[in-house]
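Notes follow once the structure below has been shown.
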Amino acid sequence: MRDPRYDILFEPVKIGPVTAHNRFYQVPHCNGMGHAYPKAEAAMRGMKAQGGWAVVSTQEVEIHPGSEWSPYIEGRLWDEGDMKRLRMTADAIHEHGALAAIEITHNGHASANHYSRLPAMGVSEMMIDSYHPAQAYAMSKRDIADVRRWHRKAALRSKQMGFDIVYVYAAHDLALPFHFISPQRNQRTDEYGGSLENRVRFLRELLEDTKDAVGDTCGIALRFTVDQLIGARGMVAENEGREVVEMLAEHPDIWDVNISDWSNDSATSRFAEQGFQEKYTAFVNKLTTKPVVGVGRFTSPDAMVSQIKRGILDMIGAARPSIADPFLPSKIESGQVEDIRECIGCNICVSGDMIIAPIRCTQNPTMGEEFRRGWHPEKIEKGASSDAILIVGAGPSGLESAMSLGRRGYNVTVAEANDHAGGRVHCESQLPGLSAWRRVVDYRLGQIDKLDNVQVFLHSEINKQQVLEFAKQLNIQHVVVATGSKWDRDGIGRVHRQPIPRDKSVHILTPDDVMAGKQISGHVVVYDDDHYYMGGVIAECLVNAGAKVTLVTPAADVSAWTHNTLEQIHIEKRLGDLGIAIVEKHQVQRVNSNQIILEHIVSAKNQTINAQYLVLVTARRPLSSLYFDLDNDAESLDHAGIKSVTRIGDCLAPSTIAAAVYHGHRFAREFDCDVDADAVPFKREYVEI
Numbered sequence: 035m036r037d038p039r040y041d042i043l044f045e046p047v048k049i050g051p052v053t054a055h056n057r058f059y060q061v062p063h064c065n066g067m068g069h070a071y072p073k074a075e076a077a078m079r080g081m082k083a084q085g086g087w088a089v090v091s092t093q094e095v096e097i098h099p100g101s102e103w104s105p106y107i108e109g110r111l112w113d114e115g116d117m118k119r120l121r122m123t124a125d126a127i128h129e130h131g132a133l134a135a136i137e138i139t140h141n142g143h144a145s146a147n148h149y150s151r152l153p154a155m156g157v158s159e160m161m162i163d164s165y166h167p168a169q170a171y172a173m174s175k176r177d178i179a180d181v182r183r184w185h186r187k188a189a190l191r192s193k194q195m196g197f198d199i200v201y202v203y204a205a206h207d208l209a210l211p212f213h214f215i216s217p218q219r220n221q222r223t224d225e226y227g228g229s230l231e232n233r234v235r236f237l238r239e240l241l242e243d244t245k246d247a248v249g250d251t252c253g254i255a256l257r258f259t260v261d262q263l264i265g266a267r268g269m270v271a272e273n274e275g276r277e278v279v280e281m282l283a284e285h286p287d288i289w290d291v292n293i294s295d296w297s298n299d300s301a302t303s304r305f306a307e308q309g310f311q312e313k314y315t316a317f318v319n320k321l322t323t324k325p326v327v328g329v330g331r332f333t334s335p336d337a338m339v340s341q342i343k344r345g346i347l348d349m350i351g352a353a354r355p356s357i358a359d360p361f362l363p364s365k366i367e368s369g370q371v372e373d374i375r376e377c378i379g380c381n382i383c384v385s386g387d388m389i390i391a392p393i394r395c396t397q398n399p400t401m402g403e404e405f406r407r408g409w410h411p412e413k414i415e416k417g418a419s420s421d422a423i424l425i426v427g428a429g430p431s432g433l434e435s436a437m438s439l440g441r442r443g444y445n446v447t448v449a450e451a452n453d454h455a456g457g458r459v460h461c462e463s464q465l466p467g468l469s470a471w472r473r474v475v476d477y478r479l480g481q482i483d484k485l486d487n488v489q490v491f492l493h494s495e496i497n498k499q500q501v502l503e504f505a506k507q508l509n510i511q512h513v514v515v516a517t518g519s520k521w522d523r524d525g526i527g528r529v530h531r532q533p534i535p536r537d538k539s540v541h542i543l544t545p546d547d548v549m550a551g552k553q554i555s556g557h558v559v560v561y562d563d564d565h566y567y568m569g570g571v572i573a574e575c576l577v578n579a580g581a582k583v584t585l586v587t588p589a590a591d592v593s594a595w596t597h598n599t600l601e602q603i604h605i606e607k608r609l610g611d612l613g614i615a616i617v618e619k620h621q622v623q624r625v626n627s628n629q630i631i632l633e634h635i636v637s638a639k640n641q642t643i644n645a646q647y648l649v650l651v652t653a654r655r656p657l658s659s660l661y662f663d664l665d666n667d668a669e670s671l672d673h674a675g676i677k678s679v680t681r682i683g684d685c686l687a688p689s690t691i692a693a694a695v696y697h698g699h700r701f702a703r704e705f706d707c708d709v710d711a712d713a714v715p716f717k718r719e720y721v722e723i
C-alpha cells in the first residue's frame with residue numbers, strides 16, 4: 035500500500051472549472067509522432083493516463099499554416115480537418131480518467147514554414163531563428179488581430195474535441211507571446227512595444243480571449259519562461275520574469291513555469307541535478323493563488339513531497355520521467371517505489387523529435403511502441419514453451435532480455451565474464467557526469483532479483499565448448515550472445531575506412547583504456563569520429579586526471595550529434611572552461627615521430643601536434659566471436675540440443691544504450707513467437723487518400 039508520507043501527492047487539485055485527481059502532471063512534450071502518426075500519439079498519451087498521471091498534455095499544436103515546423107512533426111490544428119486526429123488523443127487520455135491538456139501555439143519567426151511556404155511573421159522585423167535564408171516581417175495591427183482570432187478558434191476547437199485544459203504558450207523563446215515580451219525580440223514603438231506593460235499586452239489579450247472562449251468548461255494554463263539564463267540580454271527571474279507573474283498572477287487557472295531555452299529547460303543529468311529549476315521558479319507560488327506546476331526531472335517521491343510541502347509547486351510536472359516510466363504515479367500509490375524506472379536524463383527521448391522519428395527512451399523500450407507494436411511497459415505475454423535460455427553477457431541488452439524473458443516465465447541463466455553486471459553502462463557511469471546512467475543496470479538487477487526463474491552468474495567467461503556442455507547439463511535450448519563491443523584501436527570510423535597510418539612513437543589508446551583506469555599524463559589528443567558524448571567526456575576525464583588535452587574532430591562542432599540531445603552547447607562550454615583545446619574539421623592523417631599530423635577535411639592543409647598519447651574515439655567492434663563459433667557448427671548445436679543462437683545489442687550492431695536495451699526487449703517479446711521475416715514488424719499509419 036501507499037506510504038503515508040506520499041499521501042499529499044494524491045490530493046486533488048482544482049484547475050479552474052476542472053479538477054485533477056492527483057498532483058502528477060505530464061507537461062507538454064514533443065514525441066516525433068504528432069499529426070503524422072495520430073494513433074501512435076494517442077496510444078502513448080493514453081498510456082500515461084493509465085499509469086496514473088492526472089493531467090496528460092499534448093506537445094505544441096500549430097494553430098495556423100503560417101506557423102508550422104516542417105520537417106519536424108508536432109501537433110496540428112489548422113482547421114476542422116485536424117480535429118479527428120487530436121480527438122483520438124483526448125479520448126485515449128479520458129479513457130483512464132485523466133484530464134487532457136492541449137498546448138496550442140503560434141511560433142512567430144521561430145517557424146520557417148517550409149511546408150506551407152507562407153512568409154514568417156514576428157513581433158518585429160528580424161531573421162528567423164534557424165539557418166534558413168529568410169526573415170520575418172513585422173506584424174501589423176491586423177496581423178495581431180488575425181493571430182488572436184486563430185488562437186480563439188483553436189481554443190474553441192479544443193473544447194469541442196473534449197480537451198479539459200487549453201494552454202497559452204509563452205515559453206522557451208519559441209512562441210509568439212514570449213517574443214512580444216522579450217526585449218531582444220520586441221522592437222516595436224506602438225502600444226505593443228517599449229515598456230514591459232506594453233510588451234505583455236499581447237499575452238494578456240490571448241489569456242483573456244481564451245478564458246472568454248472556453249473558460250466556462252476548460253482550465254486555462256499559461257506556460258511561461260521566467261528566466262532565459264542569458265543575463266540582462268533577456269528575461270531574468272528576479273526582474274522582468276517576476277514582474278510578468280505579478281501582472282498576470284490571477285489570469286490563468288494554472289501556471290506552468292520553466293526556464294529557457296529548451297536545452298536549459300531539459301538539461302541532461304550530466305549538467306543539472308534533480309529539481310534544478312527551483313532556484314528560478316520558486317517565487318511564482320508566492321505571487322498567485324492559482325496552482326503552479328513545474329519540472330525538474332523529478333523521479334524521487336521524497337523530492338516531490340518536498341516541493342509541495344515547501345510551497346514551491348502545487349503539481350509535479352514531468353516530461354522525461356513520464357517517458358521513462360508512464361506508471362510512476364501508480365507505482366508510488368501502490369507502494370512500489372523500488373519498481374520505478376527512473377529517468378537517467380540522457381535526452382535520447384528528445385533526439386526522436388530532432389531526427390524526425392518516433393520517440394524512444396533508454397530506460398523504457400516500450401516508449402513509442404504502444405500502438406505500432408502493442409507493447410505495454412508493465413505487461414508482457416507469457417511464454418509459449420518451457421524452453422530454457424542461456425544469455426552470455428550482462429550488459430544493458432543482456433539484462434533487459436533476461437528480465438523480460440523472466441517475466442514471460444522462461445528459465446533464464448545469465449553468464450557474465452566480469453565481476454560486475456552492466457557491461458558498458460557499468461564503465462560509462464563512472465565517467466564525469468554520467469553517474470545517473472547506472473540506473474539502467476540497477477533497475478534491471480532489482481527486477482531480476484524478484485524473479486526466481488532468472489539467475490545471474492558473475493566471473494563466468496565461457497567459450498563455445500563450455501556453452502555446449504552447459505546446454506546439455508542445464509537443458510538449455512536457446513543461446514543469446516550479448517557480449518557487447520570494444521572500441522576500435524585502428525581509428526577506423528566514418529572518415530577512415532582503413533587503419534590510420536602510424537608508427538609506435540605515440541601511445542594509441544581507446545576509451546576502454548581510459549575507463550579501465552590506465553594512467554595517462556602529458557599531452558593527449560582525443561580524436562572523436564563518434565560525435566556523441568564519449569569524445570567530450572573522455573577529454574574531461576583526462577583533464578581531471580591532470581593531462582593536457584586537445585580534442586580533434588572531423589565534424590564542424592565538437593560532439594556534433596548531441597545537438598539532438600540538446601547538449602552540444604553545454605559540452606562545448608564545459609570543454610572550454612576546462613581549458614581543452616578544440617580542433618574542428620580535421621582528421622588524423624597519420625602518426626609519425628612523436629607527432630600527430632592533422633588534415634583539414636576541406637582544404638587538405640596540414641597541422642601538427644606534438645603529443646604522447648592519441649585516444650581514438652571512432653568505431654566499435656562487436657565481440658561476436660562466440661556467436662560465430664556456435665553458429666558455424668550446426669552439428670554440435672544439434673547434438674547439444676540447442677535450437678537457436680542469437681546475437682543482440684552491441685554484439686550485433688554497436689549503437690546507443692537505448693538501442694541495446696530496445697533490441698534486448700524486442701528479442702524477449704518476439705521469442706517463441708511466429709515472426710514473419712518478410713513482413714513489416716509493426717503497424718503503420720498511412721496518409722489518407
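Numbering follows this note's numbering, in which position 88 of the sequence shown is assigned residue number 122; successive positions increment by one, without gaps. The C-beta atom is built at its ideal place from N, Cα and C for all residues, glycine as well. As the structure is a prediction and not an experimental result, all values here were calculated from the model.
Within 8 angstroms, strictly: CB atoms of residue i and residue j
| i | j | result |
| --- | --- | --- |
| S192 | V200 | yes |
| S431 | I682 | yes |
| H69 | D116 | yes |
| A702 | S435 | yes |
| L230 | A204 | no |
| A33 | V721 | Shown here, the chain extends from 35 to 723; a query on residue 33 therefore has no answer. |
| R235 | E225 | yes |
| V448 | L660 | no |
| F310 | G330 | yes |
| R406 | A692 | no |
| H148 | P105 | yes |
| K498 | D663 | yes |
| A134 | F197 | yes |
| P72 | M122 | yes |
| E404 | A674 | no |
| N445 | V540 | no |
Whole-number beta carbon distance between residue j and residue i, since they are thought to touch under 8 angstroms
| i | j | result |
| --- | --- | --- |
| I136 | V89 | That pair is no contact at about 11 angstroms. |
| G429 | G456 | 7 angstroms |
| A573 | L609 | 6 angstroms |
Proximity test, residue i beta-carbon vs the ligand COA heavy atom, cut-off 7 angstroms
| i | result |
| --- | --- |
| N273 | In the structure shown, the ligand COA is absent, as is every other ligand, since no ligand is present at all. |
Residue interval of the alpha helix (DSSP H) (run including residue i)
| i | result |
| --- | --- |
| F701 | I691 to E704 |
| Y720 | Premise fails: Y720 is in no alpha helix (DSSP H) and is neither H nor E. |
| D672 | A668 to A674 |
| N628 | It is not in any alpha helix (DSSP H) - N628 carries neither H nor E in the DSSP assignment. |
| M437 | P430 to R441 |
| P355 | R354 to A358 |
| T315 | E312 to T315 |
Endpoints, beta strand (DSSP E) assigned at residue i
| i | result |
| --- | --- |
| F491 | V488 to F491 |
| V384 | Counting along the chain, V384 falls outside any beta strand (DSSP E), though it belongs to the alpha helix (DSSP H) covering I382 to M388. |
| I542 | H541 to L543 |
| R681 | S678 to R681 |
| A204 | I199 to A204 |
| D336 | It is not in any beta strand (DSSP E) - D336 instead sits in the alpha helix (DSSP H) that spans P335 to K343. |
| Y561 | H557 to D562 |
| G650 | Reading off the sequence shown, one finds Leu at residue 650, where the question assumed Gly. Its beta strand (DSSP E) spans residues Y647 to V651. |
| R655 | R654 to P656 |
| E328 | Reading off the sequence shown, one finds Gly at residue 328, where the question assumed Glu. G328 -> beta strand (DSSP E) spans V326 to G328. |
| H512 | H512 to V515 |
| S174 | Segment: none, S174 is in no beta strand (DSSP E) and carries neither H nor E. |
| A640 | The sequence shown places Asn at residue 640, rather than the Ala named in the question. First-last of the beta strand (DSSP E) with N640: N640 to N644. |
**Item:** At least three beta-carbon pairs within less than 8 angstroms, the stretch 356–369 to the stretch 563–582
**Value:** Short answer: they don't touch.
**Any 3 or more C-beta pairs closer than 8 angstroms across the stretch 55–62 and the stretch 369–386** = Short answer: they don't touch.
**Message:** Restricting to runs no shorter than 3 residues, where is the beta strand (DSSP E) found entirely within the stretch 212–298?
**Reply:** Runs found: 253–261 and 288–293.
**Request:** Would you check if there are 3 or more beta carbon pairs closer than 8 angstroms linking the stretch 486–502 to the stretch 649–658?
**Result:** Judged by Cβ distances under 8 angstroms, the stretch 486–502 makes no contact with the stretch 649–658, as fewer than three pairs qualify.
**Asked** Any chance the stretch 321–329 sits against the stretch 609–628, with 3 or more Cβ pairs inside 8 angstroms?
**Response** No contact exists between the stretch 321–329 and the stretch 609–628.
**Request:** Could you name each continuous beta strand (DSSP E) segment of 3 residues or more that falls completely within the stretch 39–101, going from the start of the chain to the end?
**Result:** Within the stretch 39–101, the runs of beta strand (DSSP E) that reach at least 3 residues and sit entirely inside it are, in chain order, 47–49, 52–54, 58–60 and 89–96.
**Prompt:** What residue ranges within the stretch 99–144 form continuous alpha helix (DSSP H) runs of no fewer than 4 residues, ordered along the chain?
**Reply:** Counting only unbroken stretches of 4 or more residues, the alpha helix (DSSP H) elements lying wholly within the stretch 99–144 are 117–128, in sequence order.
**Item:** the stretch 288–296 / the stretch 205–216 touching (three or more Cβ pairs under 8 angstroms)
**Value:** By the criterion of at least three beta-carbon pairs nearer than 8 angstroms, the stretch 288–296 is in contact with the stretch 205–216.
**Message:** Could you tell me which whole alpha helix (DSSP H) segments of length 4 or greater appear in the stretch 587–611?
**Reply:** Given a length threshold of 4 residues, each whole run of the alpha helix (DSSP H) inside the stretch 587–611 is given here in chain order: 602–611.
**Message:** Whether or not the stretch 362–381 and the stretch 75–91 are in contact is what I'm after, with contact meaning three or more pairs of Cβ atoms, one per stretch, closer than 8 angstroms; do they touch?
**Reply:** Using a Cβ-Cβ distance cut-off of 8 angstroms, the stretch 75–91 and the stretch 362–381 are in contact, since at least three pairs of beta carbons, one from each stretch, lie closer than that value.
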